[in-house]
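Protein chains: 2
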Amino acid sequence: MNAYCLATYRCYDEKADFTKKANGIAVGLTVGSWTELPEAQKAQMEKHLGKVISVIVHEPVNGESSADRYADISIAYPDVNFSRDIPALLVTIFGKLSMDGRIKLTDLSFSSDFLSSFPGPKFGIQGIRNLLGVHDRPLLMSIFKSVVGYELPALREQFYLQAAGGVDLIKDDEILFENPLTPLEKRIEVCMEAAAKASQETGQKLLYAVNITGPTSKLAEQAKKAIRAGANAILFNVLAYGFDVLHELSSDPEINVPIMAHPAMAGAFYPSPHYGITASVLLGKLMRLAGADLVLFPSPYGSVVMPLEENLAIKHMLLTTDLNKDYLYASDGEKSQLAPSFPVPSAGIHPGLVPHILRDFGEEVVVNAGGGIHGHPLGTIAGGQAFRQAIEASQRQIPLREYASTHKELQIAIETWGVKD
Amino acid sequence: MNAYCLATYRCYDEKADFTKKANGIAVGLTVGSWTELPEAQKAQMEKHLGKVISVIVHEPVNGESSADRYADISIAYPDVNFSRDIPALLVTIFGKLSMDGRIKLTDLSFSSDFLSSFPGPKFGIQGIRNLLGVHDRPLLMSIFKSVVGYELPALREQFYLQAAGGVDLIKDDEILFENPLTPLEKRIEVCMEAAAKASQETGQKLLYAVNITGPTSKLAEQAKKAIRAGANAILFNVLAYGFDVLHELSSDPEINVPIMAHPAMAGAFYPSPHYGITASVLLGKLMRLAGADLVLFPSPYGSVVMPLEENLAIKHMLLTTDLNKDYLYASDGEKSQLAPSFPVPSAGIHPGLVPHILRDFGEEVVVNAGGGIHGHPLGTIAGGQAFRQAIEASQRQIPLREYASTHKELQIAIETWGVKD
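So the sequences go chain by chain: F and Z. Residue numbers for the first sequence follow the working numbering, so the first one is 899 and each next one is one higher. Residue numbers for the second sequence follow the working numbering, so the first one is 899 and each next one is one higher.
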């Protein structure tokens, strides 16, 4: 029996015969030519031929112009045509086709055989909660304020203040590369010291996601060096290196810490309605497939904005337990075990947004803040505390303003940034 | 003295203060904050601070709406902030920023220090001409017709027919991955046999670019295996793996054959006016910087179309010898030695277009055809011959129709596809 992976595209064209176009894709990106083949050869080639699954045409309606005419086209590609890796799949389904007019890759589902080559997140949500010993609330993460050009003592101080405020995770800045002021191993040493100090005071554990950078062939070695130096998580700029590199890092048994995927460069792919790859595939399905334990993406709340519905689509792809429906195409019923990845909506987050974040994402979310922690008028520690208070209030369904009346840090945060209604 | 790399963006916004936005980028993507720093610290941080180089605002003119308001913003980023690799540079200049509204990366120039970490193409145009012994005309390349699902004898036959027609290069289909029907080493064996046979007849040499695929960490090994098996060039889907992988492959002394960069997935980046990375940076500057000896991109002539001006911008970046102007920012005068890469405009090419290709690209070009060779009514050999005749006629400035009167293969090609006026 043949197995297939399914790609769906939104394809804009003022007057194309979309059915013909879909057939052209199904043949052109697989066997190359079909109708002119002798019947005997067709029998042999059939298993390599792509299939048009559906063509749903949207004709322009009131107020739309002919440029708004599009079709959602789904094509099934036989697994037998490509190797079990993300580059081969992407080159097959959206290599040449990405350059063929106004076309965007909007969904992707895998055969159970293809999916079985991907162990997925090594930790996932449950694994990260186990590491932290936190099972009953959303997690809180913070981002360094400024790191480029700063030296180790400044980094240690910043780290300590964040940790002492009660955050669960701290990530490197994604633009912090190997550098003489704060080299990888020294940075880990001083930050993990600061973490230990804060931990004695807060009684909490903490994950520090260290940015793994440099030449592609040395990344695994860098990650292991970081782990030997004490790092208990890594940050990775996936799209600057490719999904396959993430897959290789996450599959490496010696890289036994959670991997946090940063969305740097994602804006080159997802925002156009006409080109690229939709956010739920790029930052949702593919990140989880490739093994990201946590995935950052632009929140719908701040200045760097992604629409809420796209956020929710990413969340769904990171969390869904119904892999048969969302990840698998024509599943044979075998249940896959891809662990869910933590969604981390980022940018523009302050305590007054926490009830919204929990309403939109539920409790399986990492509340992630930078300026909303460091910019607290009482300082970074109070900034973290205000967030923890906001999380607690939200979980107990107490209005933030009410809870703030007995919690000074939250009170001042609200005076500073307000509460989103 | 500080060295900087320069990034230019086209940034659309209906009412933004673009100067303020530019300052926000220059500070935000480097030191994080500036105005609030104590003066003593500013002195120390100055060398890490990005600089706004220019802000050129385009206000909407006749017929344009406020949505068409944009600015071209150039920012200089201190080298000291990032390591000497393409992922670090891209994450710095277009990591978070790519997600910040309607913004496209339109140009990129490097410091001579940054550039000095990139040897560039190992062969380049001259090296490829030397390998082929062809110095006096544009090269001719052909693409397999259908390969997925075919077995070795069919591949050998196709290869032989292409080679016998007088082409200089043959490339694998980019969607041909490691597979049981035509595995890498066997494929190379039969194709190089076919090449040798054709070579005895034509007296020509030939390069066969074998597709290197699979897990990222095994690519160099795959390439070396291919070379040991007799491959004399490799094809690589750069954008599915990342520029740094190309850089590592091209820098590897044991990978001593030309590398052909395929643009698969490039359409996810360049076509939108508002998002992504412009084609001349993506397929021009970065491909050459990372060491591609030949670069394929969609021609302006066929069905998969890129505008002529974008084609010419790519060509310029691949060929320019004035690196100080086009590649270097604030050069100290040191001359870089990046070899030029062969431009390979692809898709929709038939012999009747050859005079246009030579007019647009000059003689340092690879004429690349698939259907225009295999679809010749007299067969694939005649298809190659018709192209060689068209190239000869164009070089001698003889109108194609006139030359065709004494060259049957060209005559029939023209009858089939016409001549572009």
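Yeah, the Cβ is synthetic: ideal placement off N, Cα and C, and Gly gets one too.
Note that the C-beta distance between Met997 of chain F and Pro1161 of chain Z is below 8 Å. Between Pro1253 of chain F and the set F:Ala1288, F:Tyr1106 and F:Ser1239, the nearest pair of CA atoms involves F:Ala1288. Neighbourhood of Thr928 of chain Z in chain F, by CB distance below 7 Å: Val1046, in chain order. In the DSSP secondary-structure assignment, Lys949 of chain F is bridged to F:Ala974.
If you compare the alpha carbons of Z:Val955, Z:Ala1280 and Z:Phe1259 with that of Gly1269 of chain Z, the shortest gap goes to Z:Ala1280. Within chain Z, the residues Glu1072, Ile1073, Asn1135, Ala1138, His1160, Ala1162 and Met1163 have their CB atoms less than 8 Å from the CB of Gly993 of chain F, given in chain order. Collapsing the DSSP output to three states places Val989 of chain Z in a helix.
Under the Cβ distance rule, His1033 of chain Z does not count among the residues neighbouring chain F, no pair being separated by less than 8 Å. Residues of the stretch 918 to 945 of chain Z with a Cβ closer than 8 Å to any Cβ of chain F, in chain order: Leu927, Thr928, Val929, Gly930, Ser931, Gln942, Met943 and Lys945. Counting only Cβ-Cβ distances below 7 Å, Lys1084 of chain Z has no contacts in chain F at all, with the closest Cβ about 16 Å away. When Cβ-Cβ separations below 8 Å define contact, Ile1175 of chain Z makes contact with chain F. Gly1018 of chain Z has a beta carbon lying at 8 Å or more from every beta carbon in chain F. With a 10 Å radius around the Cβ and a threshold of 16 neighbouring Cβ atoms, Lys918 of chain F comes out exposed. Exclusion of the five residues before and after Glu1262 of chain F leaves Ile1023, Pro1036, Leu1217, Pro1238, Phe1240 and Pro1241 as the residues of its chain whose Cβ lies within less than 8 Å of its Cβ.
By the neighbour-count criterion, in which a residue is buried when 16 or more other Cβ atoms sit within 10 angstroms of its Cβ, Ser931 of chain Z is exposed.
Exclusion of the five residues before and after Gly1101 of chain Z leaves no residue of its chain whose Cβ lies closer than 8 Å to its Cβ. For Tyr902 of chain Z, the uninterrupted beta strand (DSSP E) run begins and ends at Tyr902 to Tyr910, by DSSP. Rounded to whole angstroms, Ala1118 of chain Z and Glu912 of chain Z show a C-alpha spacing of 48 Å.
The C-beta distance from Ala1311 of chain F to His1248 of chain F rounds to 7 Å, short enough to meet the 8 Å contact threshold.
When beta bridges are read from the DSSP output, His1033 of chain F appears opposite no residue. Per DSSP, reduced to three states, the secondary structure at Pro1171 of chain Z is coil, with no helix or strand assignment.
Sequence-ordered contacts of the stretch 1176 to 1198 of chain F with chain Z read Pro1196 [C-beta pairs closer than 8 Å]. When the beta-carbon positions are compared, Val1264 of chain F and Met1039 of chain F come within less than 8 Å of each other. The Cβ atoms of Asn1135 of chain Z and Gly1140 of chain F lie no closer than 8 Å to each other.
Approximately 32 Å separates the beta-carbon atoms of Tyr907 of chain Z and Lys1020 of chain Z; this is outside 8 Å, ruling out the contact. Sorting F:Gly1260, F:Ser1292 and F:Pro1171 by C-alpha distance to the C-alpha of Tyr968 of chain F places F:Pro1171 at the top. Judged by DSSP in its simplified three-state form, Lys1116 of chain F adopts helix. In this structure Leu1067 of chain Z is in contact with Ala1107 of chain Z, their Cβ atoms being roughly 7 Å apart against a cut-off of 8 Å. Taking 8 Å as the CB threshold, Phe1012 of chain Z stays off the interface with chain F. Around the beta-carbon of Asn1154 of chain Z, fewer than 16 other beta-carbon atoms lie within 10 Å, marking it exposed. Distances from the alpha-carbon of Ala974 of chain F to those of F:Gly948, F:Phe1016 and F:Met943 put F:Gly948 closest. The stretch 1197 to 1211 of chain F makes no contact with the stretch 972 to 991 of chain F, as fewer than three CB pairs between them are under 8 Å. A check of alpha carbon separations from Ser1014 of chain F across F:Leu1226, F:Thr1304, F:Ala1245 and F:Asn1266 identifies F:Leu1226 as the nearest. Among the residues facing chain Z, Thr1314 of chain F is not included, as its CB has no counterpart in that chain under 8 Å away.
With contact defined as three or more Cβ pairs closer than 8 Å, the stretch 1068 to 1078 of chain F and the stretch 1125 to 1135 of chain F are in contact. About 20 Å separates the beta carbon of Asp977 of chain F from that of Ala920 of chain F, a gap too long to meet the 8 Å contact definition.
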